[in-house]
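Note that full-length UniProt numbering has the sequence shown beginning at 1, numbered continuously upward. Backbone N, C-alpha and C fix where the C-beta goes; we use that ideal spot for every residue, glycine too. Note that the structure is a prediction, hence the values are computed from the model and not measured. Here the structure comes first, spelled out in structure tokens, and everything after it is commentary.
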Amino acid sequence: MFDVASEMENPQSQRTPPSRDQGIATFVLVGFRRKPAADIGGEPVQATKSELTARFALPSQAVRAAVAAVAAATDDRYAAITTGEYGPDTLDSLMERLKAINAVGQPGQVVVSLGTLEMVRTSLSSELEFSDLGTIEVLPGHFERLFLVANEALRSAPARPVIRPDNRRSTTFLGRARELEELRRQLDLSRIVSVTGPSGIGKSALLQRLITEVEGDFTDGATLIDLSQVSQPALLGPMLVRLLNAPKLPGEDHIEALIAYLRPRQTLLVLDNAEHLLAEVRRFVTALSDSCNELALLVGSHRPLRVAGEWRYRLEGMDTPTIAEDWRAIAEYDSVSLFVDRAQMVDPKFRLTPENATAIAAVCLRLDGIPLAIELAAAKTQVLSPRQILDRLDDRFLLLRDADGSRPERQKTLETTVDWGYQHLRPEARTLLRRLAVFQGAITIEQATEVCVDAMLPQDLVLPAFEELVEASMLATSSARGPEKRFTLTETIRLYAHARLKAEKEEGVFALRHRDWCLRFAGEIAAGLSGPFQVEWLDRLDASYEDLRTVIERNVLRGGEGLLAVQMTLAIHQFYLLRHYLAEGLRVVDMVASAKTCQEVPALYRVFNLGVHLADFLGDREASRLYALRSVSFARRSSNPSAIAAARAMLAHRALEVRKYVRARRHYLAAIKVFRAQGNEPFLLRSLVSLSSAEPYLGLLQEAREHLLEAEPLIERAREPVLKAYFHQNIAHIELAENRPLEALANVSRAFPIFVAAQESNGMATCMRNAAYAFEMLALQRIAAQLVGANSNFGARLEKQMRLDEEERFERLVSRLTDALGVERYAFATLEGTEMSPEAITELLEAVHSG
């Protein structure tokens with residue numbers, strides 16, 4: 001048995017005559033802070049205020065002497081031992097090696113090189129134990145494997161972390177400044193912090209960087225342990241004990257040994273890649289945090305630990321630019337900087353340019369800002385341009401592979417990286433993830449349940465499976481508005497899940513179930529947009545629009561069911577108008593109207609009519625005219641009275657837009673006759689309201705009143721708020737023509753708040769002009785001028801939509817107000833109006849109406 005006390009009492013027993021000139025010798029360097037080591041035996045080589053170095057002929061004597069010297073002042077001294085050829089030409093390099101080894105140790109430790117260990121393994125095996133620390137670079141290009149001497153007398157702080165050459169970051173760390181700052185701040189507040197995120201998101205790189213920044217904040221430093229190589233939970237304890245060099249007494253539990261070792265130390269323990277050992281890591285973290293008050297724990301995993309006191313930080317993808325941004329702005333994004341940096345590693349001449357910036361931005365965007373994916377893509381610039389890489393991203397799992405083999409096995413391809421997380425999910429979570437791949441938009445739990453449940457995935461397992469996917473970072477929380485919480489799949493996860501769905505031969509079944517859900521949802525949307533909760537239904541459709549669009553395109557482009565495509569387009573037609581997604585709506589209309597599979601669908605004329613409205617709102621009069629003609633042509637071929645009446649209503653609308661009031665009235669009256677006979681209230685109502693807006697220009701005020709009177713009961717049943725606002729606006733127009741300004745203002749005050757709520761800018765502007773006319777009639781020219789100013793806030797887009805005769809009428813109003821107020825007063829009043837909010841205008845109108 002190795003007797004520390006006897007070795008301490010007789011350092012001269014370690015003295016043997018070493019070779020005086022040269023030869024193989026073992027060197028001991030003892031470092032100290034407060035209590036110098038005056039004599040450790042051997043032959044002194046070098047002494048400073050904080051170090052003493054001696055040379056020994058026998059390695060076993062050197063080890064015994066070092067242990068004895070350190071044990072004499074456990075909290076102060078530490079030692080390093082190496083063996084090498086001694087001579088005048090080698091002394092300097094030996095001392096450098098010794099100091100590099102010594103830098104690994106901390107007070108109370110003895111660290112030996114592999115060469116020394118091999119020479120004493122037999123002679124000291126019964127006296128001392130040795131723990132593998134890893135490998136360090138002791139001289140440029142020269143690596144040495146180190147071991148920690150284990151003995152009860154040396155129970156002490158953990159060694160400083162040793163980074164093996166194959167695990168050191170060989171690339172620069174870019175970005176994540178915000179994340180580093182938040183984590184550093186949280187480590188000051190919380191003793192347990194978990195960093196979660198999907199594979200490849202950059203957790204390990206972030207943790208390594210964080211350690212370098214916070215290690216100095218902890219008296220006993222920080223230790224990073226990668227758990228990815230621990231295959232079984234039972235191996236976690238032995239690995240932690242070994243890597244932390246925590247002495248373990250016979251019969252002592254691993255957790256007890258770790259507690260005894262870490263309790264007196266103020267240190268940061270970082271456990272990375274913990275997702276496959278989560279239950280065991282949770283047990284260890286709970287025990288250590290309960291017993292070691294100065295210990296901070298930082299865990300990297302796909303999922304949080306769910307332990308008391310844990311602060312969870314979810315790591316998202318890097319910020320990505322939009323392709324519409326200027327190339328200089330694109331260059332400022334961390335994801336782009338990462339792409340360029342990694343591209344320059346394989347092609348030093350690679351640069352971000354105005355020509356390739358958009359493609360690089362699109363690559364980063366489509367790869368969801370995932371650092372690993374961006375790095376793998378950038379490596380392909382050796383043979384592909386950014387545009388070529390972008391064009392191949394639909395096959396990203398084949399494209400994005402590690403060519404040089406420098407990455408861990410689980411990160412050699414993008415697919416194996418995602419698969420690492422997938423394989424650690426429970427079976428029901430894997431099943432749900434595969435099936436969610438049929439969704440394109442933001443998903444609610446209710447939608448997932450409706451589409452994905454079957455005998456393999458019962459309904460009662462959907463919620464826990466959903467929770468697991470969220471915690472495992474396979475699902476991200478959506479920013480979509482609405483009463484329900486929604487989640488999304490990133491494009492990379494969706495593509496992976498879809499490939500799994502195909503491999504399980506489930507794609508056809510769940511694509512059909514998704515299609516059927518979309519059809520039911522579209523029907524609910526059509527009813528919801530006409531009801532009192534219109535805004536909520538608009539938010540729902542915003543969140544799921546990609547699902548409906550995908551189903552429409554699939555049925556149009558792949559020769560599917562034309563009837564379904566037409567039905568879904570019509571069901572959501574109000575969405576395009578109310579949300580002002582006019583160009584997107586017209587794109588869908590063009591696609592459906594031109595598809596061969598849709599040409600025999602009787603309701604196709606309604607798609608043409610939708611095209612008329614959308615083109616009108618976009619200001620494309622020619623496109624609107626062509627859609628109206630196509631609607632008439634289709635209606636005549638079909639010999640369908642409803643289609644013909646609807647087509648004539650579209651022709652009337654077109655005529656109204658170009659001030660052909662007589663023609664417009666003729667078409668509207670013909671259409672209204674059919675709609676009345678058929679009891680088609682929605683079409684009848686719209687035609688009556690539109691006709692009543694044309695007749696005042698023909699001097700037919702009484703006829704306009706009669707048509708609005710017929711429309712009034714239909715308005716109450718229809719529950720279409722915007723149409724009701726236009727109804728009141730048309731009455732106001734008639735009242736103004738009859739010189740009844742107070743009655744006109746009463747109707748404007750009813751219409752304006754509805755337009756504001758619906759964000760119907762054109763209706764708001766028309767209301768303000770009508771109110772300005774009414775206030776002028778009441779000799780309230782200053783208020784009229786204010787409303788002219790408020791109207792100007794809506795800009796040139798609305799002015800272009802103003803009919804020429806209305807524009808001339810409005811110009812005459814401006815001229816009269818300028819004459820009445822004078823140029824300066826008029827200018828001041830209009831300036832006041834530009835600062836009026838819609839709410840202020842509403843209050844003004846209500847005050848006049850109630851007064």
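Asked                                                                                                                                                                 : Found
To the nearest angstrom, report how far apart Asp188 and Ser291 are at their CA atoms.                                                                                : 19 angstroms
How many angstroms separate the CA atom of Leu29 from the CA atom of Leu249?                                                                                          : 28 angstroms
Taking the alpha carbon of Ala222 as the point to measure from, which residue in Ala751, Arg265 and Leu813 has its own alpha carbon closest?                          : Arg265
Indicate the three-state DSSP secondary structure (helix, strand or coil) for Phe147 in the structure shown.                                                          : strand
Tell whether a beta-carbon distance below 8 angstroms holds between Phe608 and Ala593.                                                                                : yes
Run the CB neighbour count on residue 852, radius 10 Å, all protein chains shown included, and call it buried at 16 or more, exposed below.                           : Because the chain in this structure spans residues 1 to 851, residue 852 falls outside the shown range and cannot be described.
Could you check which residue in Glu524, Asp253 and Thr449 has the C-alpha nearest to that of Phe510?                                                                 : Thr449
Using only CA atoms, which one of Glu51, Arg351, Ala62 and Leu736 lies nearest to Arg809?                                                                             : Leu736
If I follow the unbroken beta strand (DSSP E) through Ile192, where does it start and stop?                                                                           : Ile192 to Thr196
Could you pull out every unbroken alpha helix (DSSP H) segment of at least 4 residues lying fully inside the stretch 752-829, listed in chain order?                  : 761-777, 781-792, 795-801 and 804-821
What is the DSSP secondary structure of Phe466, counted as helix, strand or coil?                                                                                     : helix
Quick check on DSSP: helix, strand or coil for Gln599?                                                                                                                : coil
Give me the residue from Asp334, Leu618, His573 and Glu553 with the minimum Cα distance to Thr597.                                                                    : Glu553
Go ahead and pull the three-state DSSP assignment for Ile672.                                                                                                         : helix
Leaving out five residues on either side along the sequence, give the residues of the same chain with a beta carbon under 8 angstroms from the beta carbon of Arg676. : Leu684
What is the rounded straight-line gap between the Cα of Arg396 and the Cα of Leu414?                                                                                  : 8 angstroms
Alpha carbon to alpha carbon, how far is Arg721 from Ile754?                                                                                                          : Note on residue identity: the sequence assigns Pro, not Arg, to residue 721. Near 7 angstroms, if we compare the C-alpha coordinates of Ile754 and Pro721.
The alpha helix (DSSP H) that contains Leu338, what's its start and end?                                                                                              : Asp334 to Val346
Which residues bound the beta strand (DSSP E) around Glu43?                                                                                                           : Glu43 to Ala47
Here's the rule: buried if 16 or more other CB atoms are within 10 angstroms of the residue's CB, otherwise exposed. What is Pro354?                                  : exposed
Hey, is Glu310 close to the ligand SAM, as in C-beta under 7 angstroms from one of its heavy atoms?                                                                   : Ligands are entirely absent from the displayed structure, and the ligand SAM is therefore not among its contents.
Distance, Cα to Cα, Leu813 vs Ala595?                                                                                                                                 : 49 angstroms
I need the DSSP call for Thr83, collapsed to helix, strand or coil.                                                                                                   : strand
So what's Ala296 in DSSP terms, helix, strand or just coil?                                                                                                           : strand
Where does Asp419 sit, in a helix, a strand or coil, going by DSSP?                                                                                                   : helix
Am I right that Pro107 and Arg77 are in contact with their C-beta atoms under 8 angstroms? What's the rounded C-beta distance?                                        : 7 angstroms
Do Leu469 and Ala429 come within 8 angstroms of each other at the CB atom, strictly closer than that value?                                                           : yes
Could you spell out the range, first to last residue, of the alpha helix (DSSP H) harbouring residue 896?                                                             : It is not possible to answer for residue 896, since the shown part of the chain is limited to 1 through 851.
State the Cα-Cα distance for the pair Gln423 and Lys505, rounded to the nearest angstrom.                                                                             : 19 angstroms
Taking Ala279 as the reference, which of Arg263, Gln447 and Gln232 has the closest Cα?                                                                                : Gln232
Check for me: the beta strand (DSSP E) holding Leu52 runs from which residue to which?                                                                                : Glu51 to Phe56
Near Arg750, what residues of its chain come up, given a Cβ to Cβ distance below 7 angstroms and the 5 sequence neighbours on each side ignored?                      : His728
To which residues does DSSP link Gly175 through a beta bridge?                                                                                                        : The partner list for Gly175 (beta bridge, DSSP) is empty, contrary to what the question assumes.
Taking the CB atoms as reference points, tell me whether Leu723 and Leu845 lie closer together than 8 angstroms.                                                      : no
Nearest to Gly202 by CA position, among Glu484, Ala652, Gly175 and Asp547, is which residue?                                                                          : Gly175
Among Pro641, Arg636 and Ala615, which one has its Cα closest to the Cα of Arg654?                                                                                    : Ala615
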